[in-house]
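Just so you know, the sequence shown maps onto residues 29 to 315 in the working numbering.
The C-beta atom is built at its ideal place from N, Cα and C for all residues, glycine as well.
Being a predicted model, the structure only gives us computed values, none of them experimental.
Worksheet: one structure, shown below.
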Amino acid sequence: MTFLQLVEPFSMQQAYLAVMGGYALRVPGSDQLFRLDGFQYYTLIKNRIIDAETAVCPTADINDRSKGDSLAKAVTCAQISFLLIQTFGRVGQHLPVTALEVVTLALVMCAIIAYGFWWNKPLSILRPTVIHVPFNHEQIWKILHQYIESPRNNNDEPIDCNSVRFRAWGVNKPTGFYIFNAGLLVLAYKLIHLLAWNFQFATSTEKLLWRIITLISLALALLHVPVYYFVPKARWDQGNFRSFSGPLWIAYILCRAYIYAEIFLSLRAAPAAVYETVAWGLYFPHL
């Protein structure tokens with residue numbers, strides 16, 4: 029019998045709860061909890077260390093504990109989408125758009141995509157589902173070390189069972205299709221910044237710097253996608269702070285810092301028309 033047969037049906041809410049660190053092990057005679065990440069939880073069930081029938085929180089219970097529902101998420105998406113509608117309205121009426129609005133538009137796109145992926149994700153579940161196991165602390169460590177190689181620790185070091193962390197891509201390497209789509213999302217996010225290519229800036233030097241820094245940040249962002257795919261150990265967020273991806277991240281952060289500084293500095297020479305509002309009555313006569 030396979031893992032999926034043991035726990036089927038396994039809903040998206042249950043999968044998200046596991047990835048969020050929503051499960052913890054408790055040993056007899058102790059109040060200490062060993063928090064599991066999604067990969068640890070999956071591996072322990074797959075190897076029948078914990079019982080799949082009793083170690084899975086029902087979807088109805090997860091929804092009951094979650095602090096958000098589809099209506100709240102839909103309202104939030106509608107609110108953040110207003111800037112998108114506002115921008116299209118300004119372009120349609122030939123009103124200027126500022127670099128601040130362009131950068132915010134890129135963030136709105138990311139928020140909407142994130143809400144799409146996280147639609148079934150539980151919100152603010154603070155207490156994990158406790159799984160009682162007949163093992164002591166040392167036995168739990170040996171079991172986890174036997175089946176799981178932690179990306180943050182060497183083989184001769186204890187695995188930190190109390191902290192939830194992301195796994196290196198090498199543990200569950202994504203497919204080329206996944207990488208292709210990740211690249212498209214990064215490209216779309218950065219291309220939105222290029223919409224300000226011919227915007228009015230305070231000086232010609234600032235306009236040139238905007239173009240150069242935006243292109244550099246685009247190249248750096250796209251470079252990280254194949255690097256993390258082909259060289260997963262280079263991920264600095266997996267504890268490898270001395271990898272060659274570290275300088276790439278520093279360069280990207282500096283580019284982002286300039287972009288965020290410039291979107292506010294450029295307002296000192298913004299045209300007066302940026303303060304004009306969209307005349308929605310041209311599109312909706314009865315407003």
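**Asked** Taking Cβ positions, are VAL255 and GLY117 nearer each other than 8 Å?
**Response** As a position in the sequence shown, residue 255 is number 227, starting the count at 1. As a position in the sequence shown, residue 117 is number 89, starting the count at 1. It is not a contact, given that the beta carbons lie outside the stated cut-off.
**Cross-strand partners of VAL158 (DSSP beta bridge)** = Locating residue 158 in the sequence shown gives position 130, where the first residue counts as 1. Note: VAL158 sits in a beta bridge opposite ALA52.
**Item:** CA-to-CA distance, VAL47 to LYS95, given in whole angstroms
**Value:** Walking along the sequence shown from the start, residue 95 turns up at place 67. Walking along the sequence shown from the start, residue 47 turns up at place 19. For LYS95 and VAL47, the gap between their C-alpha atoms comes out near 17 Å.
**Prompt:** Does the beta-carbon of LEU154 have 16 or more other beta-carbons within 10 angstroms, so that it is buried, or is it exposed?
**Reply:** Counted from its first residue, the sequence shown places residue 154 at position 126. Residue environment: LEU154 is assigned as exposed (fewer than 16 neighbouring CB atoms within 10 Å of its CB, all protein chains considered).
**Touching by the beta-carbon criterion (3+ pairs, under 8 Å), the stretch 94-111 and the stretch 291-305** = no
**Asked** Tell me which same chain residues have a C-beta within less than 8 Å of the C-beta of CYS13, skipping the five on either side of it?
**Response** Outside the modelled stretch of the chain, which goes from 29 to 315, sits residue 13, for which no answer is possible.
**Request:** Using three-state DSSP, classify ALA196 as helix, strand or coil.
**Result:** Taking the sequence shown and counting its residues from 1, the one referred to as residue 196 is at position 168. With a pLDDT of 46 at ALA196, under the threshold of 50, the modelled position of that residue is not reliable, and the figure given next carries that caveat. The answer is coil: DSSP assigns ALA196 none of H, G, I, E or B.
**Message:** When you compare the CB positions of ALA134 and TYR70, do they come within less than 8 Å of one another, or not?
**Reply:** Counting from 1 along the sequence shown, the entry for residue 134 is found at position 106. Counting from 1 along the sequence shown, the entry for residue 70 is found at position 42. No, Cβ-Cβ distance for ALA134 and TYR70 is not below 8 Å.
**Item:** Unbroken alpha helix (DSSP H) run spanning ARG296, endpoints
**Value:** Counting from one through the sequence shown, the residue named residue 296 turns up at place 268. Unbroken run through ARG296: none, as it is neither H nor E.
**Prompt:** On the three-state DSSP scale, how would you describe TYR63?
**Reply:** The residue you call residue 63 lines up with position 35 of the sequence shown. Residue identity differs from the one stated: residue 63 is Arg in this sequence, not Tyr. ARG63 falls in the strand class under three-state DSSP.
**Request:** Tell me, to the nearest whole angstrom, how far the beta carbon of TYR280 is from that of LEU248; I am working on the premise that it is less than 8 Å.
**Result:** In the sequence shown, residue 280 corresponds to position 252, counting from 1. In the sequence shown, residue 248 corresponds to position 220, counting from 1. Going by Cβ atoms, the distance from TYR280 to LEU248 rounds to 4 Å, so yes, they are a contact pair.
**Other residues of its chain near LEU77: CB distance less than 7 Å, five sequence neighbours each side excluded** = Indexing the sequence shown from 1 puts residue 77 at position 49. Checking the displayed sequence, the identity of residue 77 turns out to be Ile instead of Leu. Correct list, in chain order: ILE171.
**Item:** Cβ neighbours of THR115 in the same chain (closer than 7 Å, five flanking residues each side left out)
**Value:** Counted from its first residue, the sequence shown places residue 115 at position 87. Short of 7 Å from the beta carbon of THR115, and not among the five residues preceding or following it, lie these beta carbons of its own chain, in chain order: VAL125, GLU129, LEU133.
**Request:** Taking 8 Å as the cut-off, decide whether the C-beta atoms of ALA80 and ILE90 are in contact.
**Result:** Residue mapping note: residue 80 aligns to position 52 of the sequence shown, counting from 1. Residue mapping note: residue 90 aligns to position 62 of the sequence shown, counting from 1. Against a cut-off of 8 Å, the Cβ pair of ILE90 and ALA80 comes out as no contact.
**Request:** Please say whether ILE168 and LEU61 have beta carbons closer to each other than 8 Å?
**Result:** Here residue 61 refers to the residue found at position 33 when the sequence shown is read from its first residue. Here residue 168 refers to the residue found at position 140 when the sequence shown is read from its first residue. Going by C-beta atoms, LEU61 is not nearer than 8 Å to ILE168.
**Asked** Between the beta-carbon of HIS252 and the beta-carbon of LEU276, is there less than 8 Å?
**Response** For this step, residue 252 is matched to residue 224 along the sequence shown. For this step, residue 276 is matched to residue 248 along the sequence shown. Yes; because the gap between Cβ atoms is below 8 Å, this pair is in contact.
**Message:** Can you give me the C-alpha to C-alpha distance between ALA297 and THR233, rounded to a whole angstrom?
**Reply:** Locating residue 297 in the sequence shown gives position 269, counting from the first residue. Locating residue 233 in the sequence shown gives position 205, counting from the first residue. Cα-Cα distance, rounded: 13 Å.
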